[in-house]
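The sequence shown begins at 1 in UniProt numbering and counts up one residue at a time.
Every residue, glycine too, gets a C-beta built ideally from N, C-alpha and C.
So the structure is just underneath, and the comments pick up after that.
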Amino acid sequence: MCWLRITRPIHGPCPDGPSHATFKICSRQICRSPQSHSYLCSWGLTPLPPLSNSNYFGYILINIRQQKYLTLKAILSLKYPLHPSRGTNSFMKYRYIIRIAAGIILIMATVFIHNAIAIYQFSQQNQTRVADCAIVAGAGVSGKTPSPVFQARLDHAIWLYQQHIVRALVLTGGYGAGATVSDAAIARQYVLEKGIPAKAIFIEERSTVTRENIRYAKQILRQQQWRTALLVSDPLHMLRLKTIAQDNGIDSRSSPTRSTRYKSWWAQTRFLLRETFYYSGYRLLRYMPVQNNSITP
1 MCWLRITRPI HGPCPDGPSH ATFKICSRQI CRSPQSHSYL CSWGLTPLPP
51 LSNSNYFGYI LINIRQQKYL TLKAILSLKY PLHPSRGTNS FMKYRYIIRI
101 AAGIILIMAT VFIHNAIAIY QFSQQNQTRV ADCAIVAGAG VSGKTPSPVF
151 QARLDHAIWL YQQHIVRALV LTGGYGAGAT VSDAAIARQY VLEKGIPAKA
201 IFIEERSTVT RENIRYAKQI LRQQQWRTAL LVSDPLHMLR LKTIAQDNGI
251 DSRSSPTRST RYKSWWAQTR FLLRETFYYS GYRLLRYMPV QNNSITP
């Protein structure tokens, strides 16, 4: 193998036919065959004089196949010649840009995969233990009833209360688009019907995303002078919920739902990808000031 610098293409007569493109390499002419898309040269490989930087626009890789013929593989496209004084600099500039972009993409992909693995591994953990209260992450409603996902979370919180693991429930969830009743109020009615006493139910009705769920629930914990809490949500949601709670100074443990509505392989994969995206975004923006209308989900 050998590298040669190639000068700008010139068009001229070619012994193999007029349809071949003729190029000049270090004062020697070669012919490009349109049928084989290779470059043939009938002269042997000899030492070549150095070229000035302004007299070439690319490199060619030479592979010696026979004693008389050389196959030249162009690294740059020779169809459109570059300006002799600007071609190399432009190519080098774009090459560095491509390398930097590829490096950034590789780093982002590595971080994304790492976070996805961490989310899945944490979803397998159950840290349920006695605590002052259970914070239930909202998950939307359907009409006047909690959504199936929200119901599964509420049922788990009810079980925690019935088993005397917690002594109060903190239900989170604000108003959806066009709603007149908050998600937390609908959830409160649901757990009341399941036999939970009203004095053990606390709601916050301002949150719309997970970060706000924890932020406003913290105010209830402070008012009631509670120190510990169990976080209730779907397993794949737990790492982000736990990270947000830690950042808000809440002494919390993970208590994922025992069953999830995301049962199919496709549903769990979509949930994992979505959680990985949100978790990565939160880790990136976690220390930025929180705005009511511009908050990481």
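**Item:** Three-state secondary structure (DSSP) of residue 343
**Value:** Since the first residue of the chain shown is 1 and the last is 297, residue 343 is not available in this structure.
**Item:** DSSP three-state assignment for P148, whether helix, strand or coil
**Value:** Three-state DSSP puts P148 in a helix.
**Item:** G138 to L154 span [Cα, whole Å]
**Value:** Answer to the nearest angstrom: the Cα atoms are 9 Å apart.
**Request:** Pull up the CB-CB distance for C133 and L241, whole angstroms please, since I reckon it's below 8 Å.
**Result:** Wrong, their Cβ atoms sit about 15 Å apart, outside the cutoff.
**Prompt:** Among T180, Y216, A245 and I196, which has the Cα closest to the Cα of T172?
**Reply:** Of T180, Y216, A245 and I196, the residue nearest in Cα terms is Y216.
**Asked** To the nearest angstrom, how far is it from the Cα of T243 to the Cα of R283?
**Response** T243 and R283 have their alpha carbons spaced roughly 9 Å apart.
**Request:** State the Cα-Cα distance for the pair D234 and I119, rounded to the nearest angstrom.
**Result:** Cα-Cα distance, rounded: 11 Å.
**Asked** Secondary structure at D251, three-state DSSP: helix, strand or coil?
**Response** Here D251 carries a strand assignment [DSSP, helix/strand/coil].
**Asked** On the three-state DSSP scale, how would you describe I203?
**Response** Assigned with DSSP and collapsed to three states, I203 falls in strand.
**Prompt:** How about the region 107-121 and the region 156-165: do they share at least three Cβ pairs that are nearer than 8 Å?
**Reply:** As far as the Cβ criterion goes, the region 107-121 does not touch the region 156-165, which means the pair count is below three.
**Request:** Check the DSSP bridge columns for I186 and list the partner residues they point to.
**Result:** Answer by DSSP bridge pairing: none, since I186 is not bridged.
**Asked** Just curious, the beta strand (DSSP E) that I135 is in, first and last residue?
**Response** I135 -> beta strand (DSSP E) spans C133 to V136.
**Request:** Less than 8 Å between the CB atoms is what I'm expecting for G174 and T210, so what's the real figure, rounded?
**Result:** Rounded, the Cβ-Cβ distance is 12 Å, inconsistent with contact.
**Request:** With T276 as the anchor, note down where its beta strand (DSSP E) starts and where it stops.
**Result:** Counting along the chain, T276 falls outside any beta strand (DSSP E), though it belongs to the alpha helix (DSSP H) covering W265 to L285.
**Asked** Per the contact definition of three or more C-beta pairs closer than 8 Å, is the region 259-272 in contact with the region 174-187?
**Response** No, the region 174-187 is not in contact with the region 259-272.
**Request:** With a 10 Å radius around its C-beta and 16 neighbouring C-beta atoms as the bar for buried, classify T110 as buried or exposed.
**Result:** Per the 10 Å Cβ criterion, exposed.
**Asked** Going by Cα to Cα distance, which pick from A102, F112 and V130 is closest to residue 304?
**Response** No statement about residue 304 is possible, as the shown extent of the chain runs from 1 to 297 and does not include it.
**Prompt:** Which term fits T260, buried or exposed, when burial requires 16 or more other beta carbons within 10 angstroms of its beta carbon?
**Reply:** Counting Cβ neighbours within 10 Å, T260 comes out buried, since at least 16 surround it.
**Request:** Measure the CB-CB distance between R167 and A200 and report whether it falls below 8 Å.
**Result:** Contact flag set, yes.
**Prompt:** Where does the unbroken beta strand (DSSP E) through residue 349 begin, and where does it stop?
**Reply:** No answer is possible for residue 349: it lies beyond the span of the chain, which begins at 1 and ends at 297.
**Message:** Tell me which residue opens and which closes the alpha helix (DSSP H) that Y216 is part of.
**Reply:** Start and end: T210 to Q224.
**Three-way DSSP call (helix, strand, coil) for T110 in this model** = T110 falls in the helix class under three-state DSSP.
**Item:** Coil, strand or helix - V141 by DSSP
**Value:** Of the three classes helix, strand and coil, the one that applies to V141 here is strand, per DSSP.
**Prompt:** Looking only at DSSP bridge pairs, what is A229 linked to?
**Reply:** Beta-bridge pairing links A229 to C133 and S252.
**Prompt:** When we look at the beta-carbon of residue 305 and count the other beta-carbons within 10 Å, is it buried (16 or more) or exposed?
**Reply:** As shown, the chain starts at 1 and ends at 297. That puts residue 305 outside it, with no answer to give.
**Message:** Using 8 Å as the threshold, is the C-beta distance between T128 and S255 below it?
**Reply:** In this structure, S255 lies closer than 8 Å to T128 by Cβ.
**Request:** Assign E193 to one of two classes, buried (16 or more other C-beta atoms within 10 Å of its C-beta) or exposed (fewer than that).
**Result:** Label assigned to E193: exposed.
**Request:** Check each candidate in S264, D251 and L236 and name the one with the smallest Cα separation from Q225.
**Result:** The option with the nearest alpha carbon to Q225 is D251.
**Request:** Return yes when the Cβ of L231 is within less than 8 Å of the Cβ of I135, no when it is not.
**Result:** Less than 8 Å separates the beta-carbon of I135 from that of L231.
**Prompt:** Roughly how many angstroms lie between the CA atoms of Q124 and L160, to the nearest whole one?
**Reply:** One C-alpha to the other measures close to 18 Å.
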